[in-house]
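Structure first, then comments.
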Amino acid sequence: MLNIKRFFILMLLGFPLFAQSTGTLRGFITDSTNGGSVISANIVITGTGQGAASDLQGYYFIPGIKTGKQTVRISNIGYITREVEVRIVKNTITQLNIALKPSSLTLDEVQITGTKRPELSDPSISIEQIPLQQIKSVPAGIEADMLRALKVSPGVTSTGDITARYYVRGGGSDQNAVVINGAVLYNPFHALGLFSVIDPEMIKMVEFFKGGFTSEYGGRLSSILNVVTRDGNKNRFVGTAAASSMSGKMSVEGPIPNGSFLLTGRKSYRPEAVQKFLNNRAAPFEFYDISFKFNYSNPEFYENGWFTLHGFFSDDKIENKNVTKEDYFFKNSAIGLNWYQVWASPLYSNMSFSYTTFEGEVQPNLTSSKPRKNLIADFTSNWDFTYIFDSRDEIWAGFHNKIMSTELRLTNLFGSKTDIQQRGLDMVAYLKYKLLRHETFKMDAGVRLNVVSASEKSPFLLEPRLNVTWTPLPILAFRLGIGRFSQNLVTLSNEEELISIFEPWVIVPDYLKPAQSTHLIGGIDYYLTESLKLSIEGYYKDIDNLVDINELKYTNLDPDFVQADGRSYGFDFSFDYSLQTIFFKGSYSLSYSYKKKDGIEFHPRYDTRHSVNLQAGWIFLEGFQLNVVWRFSSGLPFTGIAGYYDKWNIPDPWGQWYAIGAYDPSFLYGARNAQRLPSYHRLDVSLSKTFKLFFMKIDLDVSLLNVYDRRNIFYFVRDTGERVDMLPFLPSASIRIEI
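Count along the sequence shown starting at 1, add 9, and that's the number in the numbering used here.
Right, here's the structure in full:
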């Protein structure tokens, strides 16, 4: 293993090391109550401009520190600040692990939900860190949900209350990756897409990349949602039970020898609770999800090494018990092993292996629908290495391998059958350099090389990435990001479907090129005061070679898929004002998105011209928290009816039929998505209370959705003209008990 380490050091450096005249400080920041890592803690050498922030594992690294006695200040929102004296030795790496004690507000879990103020000089762009408390601060309706909480993020749109499916800056829903502990989830939705399969009880932190993501990320054109789950309590055993109007769930966590574990489970028991989401129509679904995580760290086995075994399983069934309606079945599974290692030199690595599957099926029964089935198997291995120089610059390198197989069986409206079985291999190498030595100028420059691609038409596809930040003032930052991205695995969706339940995944076939996009993003961050941050980002996204279903396929000789192009542009403005017991957030987005297919350009169904999100929270009295969210968006596009005609219908050309009366009334459609629905807006309110009763900690939550009962139109039934609205006024309540 030492030979492997030396090999990667030489590979990453490529030039001799110079003698050091300073020392280095590194270590891990943990929570004193549960032993878990503390993310985004500020570690500062007092009296100098040197410092660092802890990463997702709680690890920090500060090189180039003057030798001698130094005072280290460690702080983070929700924790009591600590100052520790440490002696820095020349040419030596000093290890300093610190446990932070939560403040009293955090112990009662009513801390305001903002994250720490990030360094303006950080070279990243279009990234948002979402802690668990921020997810819980959005009024839930049924229960707190990660994907529904994204809807208040600037640049994120949705097609209605009924779905948690989201669209980022004009991109399709399949252009967003949901990654949990390094494993990709291909169907992250429960119950007709109403909410996420990821139980908030298991979430530690969510990183949301809305574009311009750096070279270690790939495989999607629009966004990456990176979910990191909790490690489990390393100090004591803890159990929780919670119930909402639709589901119940339990979790247990605690210490194991040299580690910890976390188990969670959730099961539906009352599907009628969501009938108001479905226009008071029955939804006989049932679902469950189970997750686990085991952590192991033993310095006698491997010093500064952490091993994690994690798994996730979910199952959804929609059985109508009526042969005149379709039945749906969906399954997810993911299991993985991660190894995080800090080496004796300023090198650390993260290696992960995961196996993910997805199965989706539609059984038409006696309906006019056609049977459909989709299977995916994905084995992924990632090898990532980071080396930190005395100058604070970093160099990253890695290898990502993915072995995939997909199967798709479907029948289109003309009766033509499609049975596609595909296998593919993705081998990707990336290299990037983070220039961090200058106080006012930071840069992240990298490249991602697809050495072998699952799509046969994209060997050696090069994806350059560049992010730059300039901070002329301590309170002002200018940002620029540009990059090229590709995607070999796509979903097939029907543009005309209002509720897209079944969206199968396929590898881009060998007669088509892989989908590619170019991002150009520019932004400004400005702290008007210590508590008020203003941000604006403009973007342009160009998309080539989108894979789409061939709607004009009549025979088996016609291709199953054709390609389309797209583009989107706009800007997002946001403000964030946070104090200890109150916060205000708001955003306005202007967006234009287009799709071009068969020579015709049109707006996709999710194109939203204007959107406004306002959110406020207030902690008052003893353990109460009030949250308010108001959302507005301009109307979504739809294809209108230009006229009607009688279609000649011959049910059986060889049987007995009559020309007179053999006509069915049919629609003549206008230009595709050329009309707009009325605007959408609603107000949601929630009130939560945390208190202790004997040996239990109890959380009560009451939510009121669509408080003023706004009738937001969903669609009109073309045959009858019936108006179908979205969610009406909906009260709900939930309870959580921790032992």
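Just so you know, even glycine gets a beta-carbon here, dropped at the ideal spot from N, CA and C. Nothing here was measured: the structure is a model prediction, and the numbers come from that model.
At which residues does the beta strand (DSSP E) containing residue i begin and terminate?
i: Lys145; result: First-last for Lys145: 141-145, but that is the alpha helix (DSSP H), not the beta strand (DSSP E).
i: Leu599; result: 591-606
i: Ala158; result: Run containing Ala158: none in the beta strand (DSSP E); it sits in the alpha helix (DSSP H), 155-158.
i: Tyr653; result: 650-657
i: Asp336; result: 336-351
i: Ser84; result: 77-84
i: Glu92; result: 91-97
i: Asn622; result: 619-629
i: Gly58; result: Careful: Gly58 lies outside any beta strand (DSSP E) and carries neither H nor E.
i: Leu645; result: Segment: none, Leu645 is in no beta strand (DSSP E) and carries neither H nor E.
i: Gly73; result: 68-74
i: Thr39; result: 32-40
Per DSSP, which one or two residues make a beta bridge with residue i?
i: Phe222; result: Paired residue(s): none; Phe222 is not in a bridge.
i: Leu543; result: Tyr535, Phe584
i: Gly575; result: Ile552, Lys604
i: Val47; result: Val47 is not bridged to any residue.
i: Val515; result: Val499
i: Arg691; result: Arg640
i: Ala252; result: Gly257, Ile744
i: Lys379; result: Looking at the DSSP assignment, Lys379 forms no beta bridge with any residue, so it has no partner.
i: Ala192; result: Ile189
i: Asn304; result: Ser269, Thr317
i: Glu370; result: Phe338, Lys382
i: Leu471; result: Leu458
i: His528; result: Gly492, Lys550
i: Glu262; result: Val247, Leu271
i: Thr389; result: Ser363, Lys411
i: Thr168; result: In DSSP, Thr168 forms no bridge with anything.
i: Ser162; result: Per DSSP, none; premise fails for Ser162.
i: Ile397; result: Glu403
i: Lys326; result: Glu295, Phe338
i: Pro111; result: Tyr88
i: Glu216; result: Gln138, Asn235
i: Phe611; result: Lys604
Would you check if the distance between the CB atom of residue i and the CB atom of residue j is smaller than 7 Å?
i: Met155; j: Ile207; result: yes
i: Trp479; j: Phe450; result: yes
i: Ile48; j: Leu65; result: yes
i: Thr273; j: Met211; result: yes
i: Thr31; j: Ile74; result: yes
i: Phe725; j: Arg732; result: yes
i: Asp336; j: Tyr297; result: no
i: Asn347; j: Thr317; result: yes
i: Ser205; j: Ala173; result: yes
i: Ala149; j: Ser712; result: yes
i: Ile327; j: Phe367; result: no
i: Gly77; j: Ile38; result: no
i: Lys606; j: Ala573; result: yes
i: Ala454; j: Leu470; result: no
i: Arg239; j: Lys213; result: yes
i: Asp9; j: Thr415; result: Summary: the structure shown does not reach residue 9, with the chain confined to residues 10 through 748, and so no result is reported for it.
i: Leu754; j: Ile491; result: Lying outside 10 to 748, the shown extent of the chain, residue 754 is not represented and no answer is given.
i: Asn383; j: Leu417; result: yes
i: Gly263; j: Tyr305; result: no
i: Ala50; j: Ile97; result: no
i: Leu686; j: Tyr717; result: no
In terms of residue numbering, what span does the alpha helix (DSSP H) encompassing residue i cover?
i: Arg279; result: Where Arg279 is concerned, there is no enclosing alpha helix (DSSP H), given that its DSSP letter is neither H nor E.
i: Leu635; result: Unbroken run through Leu635 is the beta strand (DSSP E), 633-642; no alpha helix (DSSP H).
CB of residue i to nearest heavy atom of the ligand FAD: below 6 Å?
i: Trp348; result: Only the bare structure without any ligand can be found here, which leaves the ligand FAD out of the picture.
**Message:** To test your reading of the DSSP string, which unbroken beta strand (DSSP E) runs of 3 or more residues are found completely within the region 417-456?
**Reply:** 426-444
**Message:** If contact is defined by three or more beta carbon pairs under 8 Å, each pair taking one atom from either stretch, is the region 246-254 in contact with the region 177-185?
**Reply:** no
**Asked** Taking one C-beta from the region 636-643 and one from the region 686-699 each time, how about it: are there three or more such pairs within less than 8 Å?
**Response** yes
**Request:** For the region 693-727, list the beta strand (DSSP E) runs that are entirely contained and at least 3 residues long, ordered along the chain.
**Result:** 705-714, 722-725
**Message:** Check whether the region 598-605 and the region 572-584 touch, using three or more Cβ-Cβ pairs below 8 Å as the test.
**Reply:** Using a C-beta cut-off of 8 Å, the region 598-605 makes contact with the region 572-584, since at least three inter-stretch Cβ pairs fall below that distance.
**Request:** Would you check if the region 477-495 and the region 427-441 touch, i.e. whether three or more CB-CB distances between them fall below 8 Å?
**Result:** no
**Request:** Evaluate contact between the region 327-346 and the region 366-382, counting only Cβ atoms and requiring at least three cross-stretch pairs below 8 Å.
**Result:** yes
**Prompt:** Any chance the region 212-228 sits against the region 701-710, with 3 or more Cβ pairs inside 8 Å?
**Reply:** No: fewer than three Cβ pairs fall under 8 Å.
**Request:** Answer yes if the region 512-527 comes into contact with the region 537-548, meaning at least three C-beta pairs across the two stretches below 8 Å, and no otherwise.
**Result:** no
**Message:** Using 8 Å as the cut-off, can you tell me whether the region 638-650 makes contact with the region 605-620, which would need three or more C-beta pairs spanning the two stretches below that distance?
**Reply:** yes
**Message:** Could you tell me which whole beta strand (DSSP E) segments of length 3 or greater appear in the region 223-247?
**Reply:** 232-238
**Prompt:** Quick one: any contact between the region 613-629 and the region 156-173, if contact means 3 or more CB pairs under 8 Å?
**Reply:** yes
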